[in-house]
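Below is one structure; the comments refer to it alone.
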Amino acid sequence: MTDEPFALAPRRKSRPVYVGDVQVGGNAPIVVQTMTNTDTADAKATVEQIARLADAGAEVVRVAVPDKRAAEALPNVIRDTPVPLIADIHFDHRLALASIEAGIHGLRLNPGNIRDATKVRQVVQAAKERGISIRIGVNEGSLPPIPALATGELPPPKTQRMVDAALWEIGILEEMGFEDIKLSLKAFDVPTMVTAYREIAKRVPYPLHLGVTEAGTPGSGTVRSAVGIGVLLSEGIGDTIRVSLAADPVEELPVCWDILKSLNLRQRGATIVACPTCGRIEVDLIPLANQVEEHFKALGKPITVAVMGCVVNGPGESRDADVGLAAGKGKGAIFRKGEVVRTVREDEFFTALLEEGRKVIVERFGEAEAPGEASTVGEEVIALASATSRTLPGRAARRT
Ligand code: SF4
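Mapped onto our numbering, the consecutive letters of the sequence shown carry residue numbers -5 to 394.
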């Protein structure tokens, strides 16, 4: 046994691309993205949702462009979006062309349903002229048909079909000298998705967009996404992530951020350490933990707050946090930066944590904001993994 902490594998080197002013791949921080579920033709509703998604931590947002109405609304959506947008295209390459014409920042094409190489080339040519990156988005639910098999020949495994679909389209793009490529190979089944990403990661240098497709409702979908994305990130694979939940897309963003925070890859807002409580507990801890989480998350500052129920693990966790409580019967010790700074009554726990937390925030970040004034939450993004990364342009630079 060793005391060395578990170390993530070194990040796979990928060729950087841009979506608007957001760098994906290379040594950029892992980018958080999601997708709207409004009718894109309703520009007002779509822009409003994009703004909510950006506030919740989305750095890139994808919008579906399923028809001409949606494509026609894009100029208005693009004009008012606070973050770069990707047009999600299936079946009809003319919608990709229209999206490029509208000024979209990036495209997602599905090689499973735009199978005519001539049409793909038209899109690539237009994207090249505008400097737009393309994600080749393979999905296990819409793979190209299996070619005719010889008698007795078995169909290739699904992971191979996913990799082959990506390579087919990469070939077309590369033939045209186009390398502003991202890739995704999403599956609902986590082992399938992990295997497909591992394989493509060895074969090509392009940034990878990770996701478990149709992951499910917030409970099980969160776990499934965290396992699939987490395994790959721990192996150094992945440049941008999207968690797909059957829910308001705003709910996907805390999950994305918690995955990155769990691996110490990025930090956003407060991290709350809270004990699960057990038979030793002598205070009403769970409501306090929720209240503390709500308050510090609203402040948006990346500090760690421990809310612990007794002296078994309380002092240790509280000492390691920026601010902490180790509660006992009717009173508790408040820690700040590893030291006990006061002992307070149970009815003072919340206030004392807030006061000490505020001192840490003021010392580290300047003036703390009151909850409800946290308009700069989205700016409080610290890219731990890219502390040594080179300067990024635009928004990405401000966030690093
Ligand atoms: S910190 Fe104490 S109360 Fe909380 S779970 Fe651990 S032993 Fe139980």
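Every residue, glycine too, gets a C-beta built ideally from N, C-alpha and C. Remember, it's a predicted structure, so these values are computed and weren't measured experimentally.
Legend entry - Local conformation of residue 221 per DSSP, three classes: Here residue 221 refers to the residue found at position 227 when the sequence shown is read from its first residue. Looking at residue 221 - three-state DSSP - the assignment turns out to be helix.
Legend entry - Distance cut-off 8 Å: residue 275 Cβ against heavy atoms of the ligand SF4: Locating residue 275 in the sequence shown gives position 281, counting from the first residue. Flag set: Cβ of residue 275 near the ligand SF4.
Legend entry - Those runs of the alpha helix (DSSP H) which lie wholly inside the segment 51 to 114 and span at least 4 residues: 62 to 74 and 87 to 96
Inset, instruction - Check residue 300 in the structure and name its three-state DSSP category. - result: Working through the sequence shown from its first residue, we reach residue 300 at position 306. It is a strand residue.
Legend entry - Stretch-stretch touch, CB-based, cutoff 8 Å, three pairs: the segment 132 to 149 with the segment 116 to 123: no
Legend entry - C-alpha distance - residue 303 paired with residue 334, whole-angstrom precision: For the purposes of this step, residue 303 is taken as residue 309 along the sequence shown, with counting starting at 1. For the purposes of this step, residue 334 is taken as residue 340 along the sequence shown, with counting starting at 1. Computed Cα separation, rounded: 16 Å.
Inset, instruction - Measure the CB-CB distance between residue 215 and residue 180 and report whether it falls below 9 Å. - result: In the sequence shown, counting from the first residue as 1, residue 215 sits at position 221. In the sequence shown, counting from the first residue as 1, residue 180 sits at position 186. It is not a contact, given that the beta carbons lie outside the stated cut-off.
Inset, instruction - Note the first and the last residue of the continuous alpha helix (DSSP H) segment covering residue 166. - result: Here residue 166 corresponds to residue number 172 of the sequence shown, with the count starting at 1. Element bounds for residue 166: 152 to 169.
Legend entry - beta strand (DSSP E) segment containing residue 310, residue limits: Working through the sequence shown from its first residue, we reach residue 310 at position 316. Careful: residue 310 lies outside any beta strand (DSSP E), inside the alpha helix (DSSP H) at 308 to 314.
Inset, instruction - Could you tell me whether the segment 23 to 35 touches the segment 52 to 65, using the rule of 3 or more Cβ pairs below 8 Å? - result: yes
Legend entry - C-beta contact flag for residue 357 and residue 278 at 9 Å: Translated into positions along the sequence shown, residue 357 becomes position 363. Translated into positions along the sequence shown, residue 278 becomes position 284. No. Outside cutoff.
Inset, instruction - Could you check what DSSP says for residue 378 in three-state terms: helix, strand or coil? - result: One-based indexing of the sequence shown puts residue 378 at position 384. No answer about residue 378 holds up, because its pLDDT of 37 lies below 50 and its placement is not dependable.
Legend entry - Nonlocal neighbours in the same chain, by C-beta distance under 7 Å from residue 37, ignoring five residues either side: Residue numbering aside, residue 37 sits at position 43 when the sequence shown is read from its first letter. The answer, listed in chain order, is 67, 70 and 71.
Legend entry - Candidates 352, 245 and 261, of which the one nearest residue 43 by Cα: If you number the sequence shown from 1, residue 43 lands on position 49. Of the candidates 352, 245 and 261, the one whose C-alpha sits nearest the C-alpha of residue 43 is 245.
Inset, instruction - Return the CA-CA distance between residue 189 and residue 276, expressed in angstroms with no decimal places. - result: Here the question's residue 189 lines up with position 195 in the sequence shown. Here the question's residue 276 lines up with position 282 in the sequence shown. Those two C-alpha atoms are separated by around 47 Å.
Inset, instruction - Specify the secondary structure class of residue 200 as computed by DSSP and reduced to three states. - result: Translated into the one-based positions of the sequence shown, residue 200 becomes position 206. Coil.
Inset, instruction - Express the C-alpha separation of residue 261 and residue 290 in angstroms, rounding to a whole number. - result: As a first step, residue 290 must be located in the sequence shown, where it is residue number 296. As a first step, residue 261 must be located in the sequence shown, where it is residue number 267. Their backbone Cα atoms lie some 14 Å apart in a straight line.
Legend entry - Proximity winner among 88, 45, 78 and 76, relative to residue 65 (alpha-carbon distances): Residue mapping note: residue 65 aligns to position 71 of the sequence shown, counting from 1. Nearest of 88, 45, 78 and 76 to residue 65, Cα basis: 88.
Inset, instruction - Could you name the residues of the same chain whose beta carbon sits closer than 7 Å to that of residue 193, not counting the 5 residues immediately before and after it, in chain order? - result: The residue labelled residue 193 in the question sits at position 199 within the sequence shown. Excluding sequence neighbours, residue 193 sits near 153 and 157.
Inset, instruction - Taking only the alpha-carbon atoms, compute the straight-line gap between residue 350 and residue 272 and give it to the nearest angstrom. - result: If you number the sequence shown from 1, residue 350 lands on position 356. If you number the sequence shown from 1, residue 272 lands on position 278. The alpha-carbon atoms of residue 350 and residue 272 are separated by roughly 26 Å.
Inset, instruction - Provide the residue(s) that pair with residue 329 in DSSP beta bridges, ordered along the chain. - result: To locate residue 329, count along the sequence shown from 1; it is residue 335. Residue 329 is bridged to 318 and 334.
Legend entry - Burial state of residue 170, where buried means 16 or more other Cβ atoms lie within 10 Å: On the sequence shown, residue 170 is found 176 positions in, with the first residue counted as 1. Exposed: under 16 other Cβ atoms inside 10 Å.
Inset, instruction - Tell me residue 285's beta-bridge partners as DSSP assigns them. - result: Start at 1 with the first residue of the sequence shown, and residue 285 comes out as number 291. None; residue 285 has no bridge partner.
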